[in-house]
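Here the structure comes first, spelled out in structure tokens, and everything after it is commentary.
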Amino acid sequence: MTIEESPSSSSVTPLPAEAFAELYARIDGVVTTPGDATWDAARQAWNLSADQQPEAVVAPRTAEDVQVVIGFAEANRLRVVAQSTGHLAAPLGDLSGSILLRTAALSGIDVDSDALTVRVGAGVLWGDVTAALAEHGLMALAGSSPDVGVAGYLLGGGLSWFARSRGLATSHVTAIEVVAGDGRMLRAAADEESELFWALRGGGGNYGVVTAITMRVFAVRDAYAGMLLFPLERADEVLTAWESWARDADEAATTSIRLLRLPPLPELPEFLRGQRFIGIDGAIAVAQGAGAAAERVAAAVATLAPLRELGPMIDSFELMPAGRLGEVHMDPPGPVPGVGDGANLDELPRAAIERILELAGPDADSPLLAVEIRQIGGALAVPAADGGAVDSMPGRFLLYAVGIAPTPEVAAMVKSATTAVLDATRDWHSGVDYINFRESQVAPERLYPAATLTRLRAAKKQYDPADRIRSAHPIL
1 MTIEESPSSS
11 SVTPLPAEAF
21 AELYARIDGV
31 VTTPGDATWD
41 AARQAWNLSA
51 DQQPEAVVAP
61 RTAEDVQVVI
71 GFAEANRLRV
81 VAQSTGHLAA
91 PLGDLSGSIL
101 LRTAALSGID
111 VDSDALTVRV
121 GAGVLWGDVT
131 AALAEHGLMA
141 LAGSSPDVGV
151 AGYLLGGGLS
161 WFARSRGLAT
171 SHVTAIEVVA
181 GDGRMLRAAA
191 DEESELFWAL
201 RGGGGNYGVV
211 TAITMRVFAV
221 RDAYAGMLLF
231 PLERADEVLT
241 AWESWARDAD
251 EAATTSIRLL
261 RLPPLPELPE
271 FLRGQRFIGI
281 DGAIAVAQGA
291 GAAAERVAAA
301 VATLAPLREL
311 GPMIDSFELM
321 PAGRLGEVHM
331 DPPGPVPGVG
341 DGANLDELPR
351 AAIERILELA
361 GPDADSPLLA
371 VEIRQIGGAL
381 AVPAADGGAV
391 DSMPGRFLLY
401 AVGIAPTPEV
411 AAMVKSATTA
421 VLDATRDWHS
431 GVDYINFRES
441 QVAPERLYPA
451 ATLTRLRAAK
461 KQYDPADRIR
471 SAHPIL
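In UniProt numbering, the protein residues as written are 1 to 476.
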């Protein structure tokens, strides 16, 4: 079967639950179908706003299970959607005609302190990896949330608190184990299946189901990290000062700024519940070694000084163990219903700041939880040697807007608000966006330059000619 003949949700006759009994008998994992008592829990994405309704949910325990599932899907003209947590579930849309393959049971973590690498199963979360590495005095380029899956994060690029000094996390991947869409069990690395290796590093999950990833780690035990918090009423002053500081900030610093409207949730500290703030958070890399803490953080303290001079109401920056960096951004620790979207910005001039403040500043009536601007540039702007499909990141800033959406009515309001923020800043959008922050369906041309997209499509035809594998952002 060719891509032109590939199955689609509109052309597939749904299988009865009994048809999956054969699959259940052939794998060590679990098969769940509609009507089972655990159906709702099995199909639930981390983003609770995504109402996933596949033909079945399969939780494989081994790579061999994954291979069997792909073969079953081929025989029954179904597609396969691999998912660890489902943070990026919203763009998937209708899952009829698809098997949802949940990878949580692929959970091994193997640290090689001598080689400075770690091999992780496709279902592992960043919080588990950082904890395991911390026991060895090591660090990986984890994202801001410990609840995010390692595989999806790396397949899209990976922005860590060290991104401006070390580049994209995916550029530090050394091997990927995958069952390709055509059913072959492969290991992709620089010296084997090199085109697949290139495509998977930034090209998303379009070519097969990843079962394990090996990446480089670093002998870094801590960083100068935390948050500066101000009343939202000071948003104009603080955002303007941060943008000016960010232009020339040392590459050791990777920060973000957020206009926050926090809900009155009991999970939040009492002084934060229901309050409005503008906050600057992030991490500054420090010298590693046996020196006194004050000596090691001296450069970081100097880098942060202009922002501290603004007089925050809360200043939590300190020398923080690498294993605790997942606390800095205060991301929710469990599933929530959310609607968000993002875009890369070439610049953040005064006109852009004013438009953002009109929509999310202290005088705005906004349903958004946060409008965030991440500082990029630095090493992210330089193509990584031997990098993958995404080896650098355009622009100087990354804009992201998100809101909590407990009902469809609220979701529509939040979607309108996120779209308004992106539309208001469109004059400064970069040519392409960061795939992991695009939570709506967008044309692949918005995610990759033309030459990269052509090469990715060739890899798709080589490794998944029947278009068996679905991802949040397809390239066809």
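No residue lacks a Cβ here, since even glycine has one placed at the ideal position from N, Cα and C.
Values in this document were obtained by computation on a predicted structure and should not be read as measured data.
Per DSSP, the bridge partner or partners of residue i
i	result
M215	V118 and V173
E372	R258 and Y400
S277	According to the sequence provided, residue 277 is Phe. The question's Ser does not apply to it. Partner(s): P231 and L260.
A188	I176
L319	Y224
I284	Y224 and A253
G71	None, per the DSSP bridge assignment.
I314	L229
G203	None; G203 has no bridge partner.
V209	V179
R470	V81
V328	The partner list for V328 (beta bridge, DSSP) is empty, contrary to what the question assumes.
Residue interval of the beta strand (DSSP E) (run including residue i)
i	result
A223	D222 to P231
G403	F397 to I404
V81	R79 to Q83
A343	G338 to L345
L23	No beta strand (DSSP E) contains L23, which is instead part of the alpha helix (DSSP H) from A21 to R26.
Residue i vs residue j beta-carbon contact at 8 angstroms
i	j	result
N206	I404	no
L229	M320	no
W126	G152	no
A134	I109	no
A105	G208	no
G35	S84	no
Q275	G183	no
A188	I176	yes
L88	N436	yes
A223	A180	no
G361	L200	no
D417	A401	Sequence inspection shows Ala at residue 417; the Asp mentioned does not correspond to that position. Contact flag set, yes.
M139	F72	no
R468	D341	no
P406	P337	yes
I373	I257	yes
L23	V69	yes
L368	R455	no
R43	V31	no
A381	S392	yes
residue 532	L359	The chain is shown only over 1 to 476; residue 532 falls outside these bounds and no answer can be derived.
V301	K415	no
M227	V118	no
P335	W46	yes
Integer Cβ distance of residue i from residue j, believed to fall under 8 angstroms
i	j	result
L345	W428	5 angstroms
R470	S96	Not quite, the Cβ-Cβ distance comes to about 11 angstroms (not below 8 angstroms), so this is no contact.
V178	T130	The pair is not a contact, with the Cβ atoms about 24 angstroms apart (cut-off 8 angstroms).
T425	A370	Contact doesn't hold; Cβ gap of about 15 angstroms is too wide.
V328	L168	Incorrect: roughly 19 angstroms between the Cβ atoms, too far for contact.
L348	E251	That belief does not hold up - the Cβ atoms of L348 and E251 are roughly 18 angstroms apart, past 8 angstroms.
G157	G202	5 angstroms
A472	P91	4 angstroms
S160	L141	4 angstroms
I213	L154	6 angstroms
D433	R446	6 angstroms
L399	A343	5 angstroms
G431	P394	6 angstroms
A466	E74	7 angstroms
T111	H136	For the record, residue 111 in the displayed sequence is Val; it is not Thr. Yes, V111 and H136 are in contact; Cβ-Cβ is about 6 angstroms, under 8 angstroms.
E64	L78	Actually they do not touch by this definition, with Cβ atoms about 19 angstroms apart.
A451	F317	So it is not a contact: roughly 42 angstroms between Cβ atoms.
D281	T255	7 angstroms
residue 489	Q441	The chain is shown only over 1 to 476; residue 489 falls outside these bounds and no answer can be derived.
A241	L310	6 angstroms
Unbroken alpha helix (DSSP H) run spanning residue i, endpoints
i	result
L307	A298 to R308
P408	P408 to A424
I356	R350 to A360
E195	S194 to L200
E267	No alpha helix (DSSP H) contains E267, which DSSP labels as neither H nor E.
Y463	A450 to Y463
Closer than 7 angstroms: residue i CB and nearest the ligand SAH heavy atom
i	result
G157	In terms of ligand content, the structure shown is empty, and the ligand SAH therefore cannot be addressed.
TODO: Return the chain-ordered ranges of every beta strand (DSSP E) run that is complete within the region 234 to 262 and spans a minimum of 3 residues.
DONE: 253 to 261, all fully within the region 234 to 262.
Task: Whole runs of the alpha helix (DSSP H) within the region 32 to 63, excluding any shorter than 4 residues - done: Counting only runs of 4 or more, we get 39 to 43.
- [ ] Just list the alpha helix (DSSP H) runs in the region 94 to 175, keeping only unbroken ones of 4 residues or longer that don't cross its boundaries, in chain order.
- [x] List check, alpha helix (DSSP H) in window: 126 to 134, 150 to 156 and 163 to 166.
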